[in-house]
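Asks: Residues in the sequence shown are numbered from 999 upward in steps of one, following my numbering.
Idealized CB from N, CA, C, for every residue including glycine.
One structure, pasted below without further comment.
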Amino acid sequence: MSLTDFLLRLLSQYVTPIEIMPTKRPRAYQKAENLPANLVVEEACPAVWTGQKLFDKRPNDYAKCVQMLAEGSTITSITKQCKITAHTVAVVKSREQETLKNTKKHLKGLIGTATQLAVEKLITKLQDDEIPNGVLPIATGILIDKHRQYEGEPTQTIEVKKSLSLDEIRAELANLKDEKVVDAEVTDVES
């Protein structure tokens, strides 16, 4: 055992812990959530992505990024083709969300049309025995689910059945009988 370890051990036997020390004031414990920030965002984090630099210096790449987002391209392909970071793609996506909403409406219409065409083609090909019975229904089912999703309809329905016993029904009826009825007179008050 070293001399410092020995002295620390000896000292710890004679020092009172902080929690039990007698004081006139109560202890104030401060947490990080209660304290104000010491730094301003612009000073501490100059790398906050706004997408403005891309829009100012390379407007064609900015427009291409928005177009690719509207088409549903992956972030990896957007970063490679436009030579931008994933952070910039995320910012462009949040800045141009109104534009992307309008393209989703168009995409919703296209999916509806594709669903209808697939169902019609399914019927024709199945009647003519041109395809196996298990091939096209899977694709059609996927298209129908996607169409329902874009329409805001549920793609799954979960049914929950609750059964009540006779004793539970009797107890509920007894509770209804035991409740006191309050007679009150109602009058209209002019304001």
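In terms of residue numbering, what span does the alpha helix (DSSP H) encompassing Q1147 cover?
Replies: Taken as a continuous stretch (DSSP letters only), the alpha helix (DSSP H) holding Q1147 covers L1134 to E1149.
Asks: Would you give the residue range spanned by the alpha helix (DSSP H) that A1061 belongs to?
Replies: P1057 to E1069
Asks: Ordered along the chain, which non-local residues of its own chain (more than five positions away) have a Cβ less than 7 Å from that of I1073?
Replies: A1084 and V1087
Asks: The alpha helix (DSSP H) that contains N1173, what's its start and end?
Replies: L1164 to D1176
Asks: Could you tell me if H1104 is buried or exposed, where buried requires 16 or more neighbouring beta carbons within 10 angstroms of its beta carbon?
Replies: Counting of Cβ neighbours within 10 angstroms places H1104 among the exposed residues, the total staying below 16.
Asks: For L1001, which residues of its own chain have a beta-carbon under 7 Å away from its beta-carbon, when the five flanking residues on both sides are left out?
Replies: The answer is none, since no qualifying residue turns up.
Asks: Less than 8 Å between C-beta atoms, sequence neighbours within five positions excluded: which residues of the same chain meet that for Q1147?
Replies: T1153, listed in sequence order.
Asks: Out of D1126, A1169, A1116 and A1182, which has the shortest C-alpha to C-alpha gap to I1136?
Replies: Measuring from the Cα of I1136, the nearest candidate turns out to be A1116.
Asks: Could you check if T1111 is buried or exposed, using at least 16 other CB atoms within 10 Å of its CB as the buried criterion?
Replies: exposed
Asks: Can you tell me the Cβ-Cβ gap for L1108 and L1120, rounded? I've got them flagged as a contact below 8 Å.
Replies: Actually they do not touch by this definition, with Cβ atoms about 18 Å apart.
Asks: Excluding the five sequence neighbours on either side, which residues of its own chain have a C-beta within less than 6 Å of the C-beta of E1094, listed in chain order?
Replies: So the list reads V1064, once near-sequence residues are dropped.
Asks: How would you call G1049, buried or exposed, if buried means at least 16 neighbouring beta carbons within 10 angstroms?
Replies: Under the 10 Å beta carbon count, G1049 is surrounded by 16 or more other beta carbons and is classified as buried.
Asks: What separation, rounded to the nearest whole angstrom, lies between the Cα atoms of P977 and R1056?
Replies: Lying before the first or after the last residue shown, residue 977 is absent from the chain, which here runs from 999 to 1189.
Asks: Between which two residues does the alpha helix (DSSP H) carrying V1187 extend?
Replies: Where V1187 is concerned, there is no enclosing alpha helix (DSSP H), given that its DSSP letter is neither H nor E.
Asks: Count the other CB atoms within 10 Å of the CB of L1164; is the residue buried (16 or more) or exposed (fewer)?
Replies: exposed
Asks: By DSSP, does G1049 sit in helix, in strand, or in coil?
Replies: coil
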